[in-house]
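Chains as they are written, first to last, in the working numbering: chain X, -3 to 354; chain W, 7 to 178. Each residue gets a CB set at the ideal place from its N, CA and C atoms; glycine is no exception.
As structure tokens, this is what we get:
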């Protein structure tokens, strides 16, 4: 049975206009019931609705509450520091290699905790443009409000991060990959193999056998919203394994790809986060040098592949709230064996876009 | 000048200190996840202060319950308090050690402490407090001591929900 996250189902927006689309409560309940998730059914049944549709204002408030709580979790897991640890040497290497202007795009940024934290710390230097992109307009508005409130030099856009006019020097994300089906991951990574892009750092939950238990404990202890607690465990259950991520990331054929998980620090008991990293071959040595002894934690393919690209997917309708990943922008690898075109709607507690048909 | 024996003061003082410190942490937790700004030291300090203040009110309630015939009952209250401390103190030491490890260890190891230490400790805290009440009550047949122990436990466990509902229901 599929593992569903409630937040993937309760919000929907038109990708072109950003206009909210009505979400039928019965439809969401039916999907969760079909997935055998009675707890999720109870959570959605308690949500306010009008005329058979979920109350959009209540859903918006819920998204903001859940994401604010998620930020607290990310802070305890020191996600911003973890990104900085990798991005500092990567950005330095990109500067030396002549990439520019330097731009970091946070894919499916939610309310932008990582982007705002990087902006507040200034750890990457003043010449870096920091952009958070998400398909959920409510989260983008909240991220913008928070950044303006603190006078941070970063900005947020309601866009598919991988379809921005200007490519990022580095794409980053936190907790987004598990929102993508395994079949869509190659397209996601391939789409980041753009001219002008130096690499990517995508953190997600490490898929260990006991990760769901660890996630249950951590979310139970730290989150109040039943939806957040539910989706936290579902996230751990949906997390992709190391081999799946490395194989998919190798679809960014001009990059060397790694996982950064020092085995001696691996935590077999609980949910924790580890990144998949892609870098242009000429930057790999700079990353290793910048990490120093910690470079021993870089594992994986490490080789760049040649080959062609795939075809981009077409527009669809977006659902969701947490992230904001456009699946359709990727296309296939090596000539486009994965194709997603215009068609039906669906998904995205991450504002993850899932398109079918085409 | 009459000196009060140290042990007569030590137990209530330690319990009070534990309650107020726990209240400050409860205030922090009550406010956590409700303010997504990056710089929020003042917000956090205020929340901890509110938690400590509510804990002080709860302490006053516990003291009021204990006041009846205090002179005669004091030794039994001290003994009950010592039994509570025997349960609470080791837990408090573990929490302090975990917190220290979280703050002092490098990024990854510190985060691990949250997952295997501080997070689970938050979950078992009500069980530990209940155990402390049981330890206090099991050694006494005095209903006033039972009432004092239960009042103290209810006070400790309600700080976080009270502070949360009063000040931090919605994100700010």
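In the structure shown, the three-state DSSP call for residue 201(X) is strand. For residue 292(X), the number of other beta carbons within 10 angstroms of its own is below 16, and it is reported as exposed. Relative to the Cα of residue 58(W), the nearest Cα in the group 175(W), 166(W) and 171(W) belongs to 166(W).
Contacts between residue 44(W) and chain X, judged by CB atoms closer than 7 Å, involve 112, 113, 116 and 146 in chain order.
Using a Cβ-Cβ cut-off of 8 Å, residue 171(W) does not count as an interface residue toward chain X, since no Cβ of chain X sits closer than that to its own. A direct Cα-Cα distance of roughly 15 Å separates residue 161(X) from residue 126(X).
Contact annotation: the segment 48 to 68 of chain W does not touch the segment 69 to 78 of chain X, with fewer than three C-beta pairs closer than 8 Å.
The segment 151 to 169 of chain W makes no contact with the segment 100 to 115 of chain X, as fewer than three CB pairs between them are under 8 Å. The alpha-carbon separation between residue 88(W) and residue 19(W) amounts to approximately 11 Å. In this structure, the CA atom of residue 254(X) is about 14 Å from the CA atom of residue 269(X). Contact annotation, residue 174(W) with residue 36(W): C-beta distance approximately 5 Å; criterion of less than 8 Å satisfied. Proximity of residue 218(X) to chain W, defined by a Cβ-Cβ separation below 8 Å, is satisfied. Chain-ordered, the chain W residues with CB closer than 7 Å to the CB of residue 142(X) read 42 and 43. Scanning chain W for C-beta atoms nearer than 8 Å to the C-beta of residue 64(X) yields 39, 40, 41, 42 and 177, reported in chain order. Uninterrupted alpha helix (DSSP H) stretches at least 4 residues long and entirely within the segment 109 to 157 of chain W occur at 113 to 119 and 125 to 144, given in chain order. For the pair residue 37(X) and residue 295(X), the Cα-to-Cα distance works out to about 40 Å.
Cβ contact annotation for residue 60(X) (same chain, cutoff 8 Å, sequence separation greater than five): 107, 134, 135 and 138, in chain order.
Per DSSP, the unbroken alpha helix (DSSP H) holding residue 14(W) starts and ends at 12 to 37. Interface criterion met: the Cβ of residue 117(W) is under 8 Å from a Cβ in chain X. Residue contact check for residue 210(X) against chain W: a CB pair falls below 8 Å. Taking a cut-off of 8 Å on C-beta distances, the segment 186 to 196 of chain X does not touch the segment 139 to 155 of chain X, as fewer than three cross pairs fall below it. For the segment 160 to 188 of chain X, the set of positions with a beta-carbon nearer than 9 Å to some beta-carbon of chain W is empty. Ranked by Cα distance from residue 86(X), the options 246(X), 113(X), 42(X) and 195(X) are led by 195(X).
Within the DSSP bridge table, the entry for residue 250(X) names no partner. Residue contact check for residue 136(X) against chain W: no CB pair falls below 8 Å. Pairing residue 83(X) with residue 271(X) gives a Cβ-Cβ distance that is not under 8 Å.
Annotation: Cβ neighbours of residue 120(W) in chain X (cutoff 8 Å, chain order): 72, 73 and 214. With contacts defined by Cβ atoms closer than 8 Å, residue 39(W) and residue 85(W) do not form a contacting pair. A straight-line Cα-Cα distance of about 33 Å links residue 101(W) and residue 197(X). Residues of chain W whose Cβ lies closer than 9 Å to the Cβ of residue 109(X) are, in chain order, 42 and 44.
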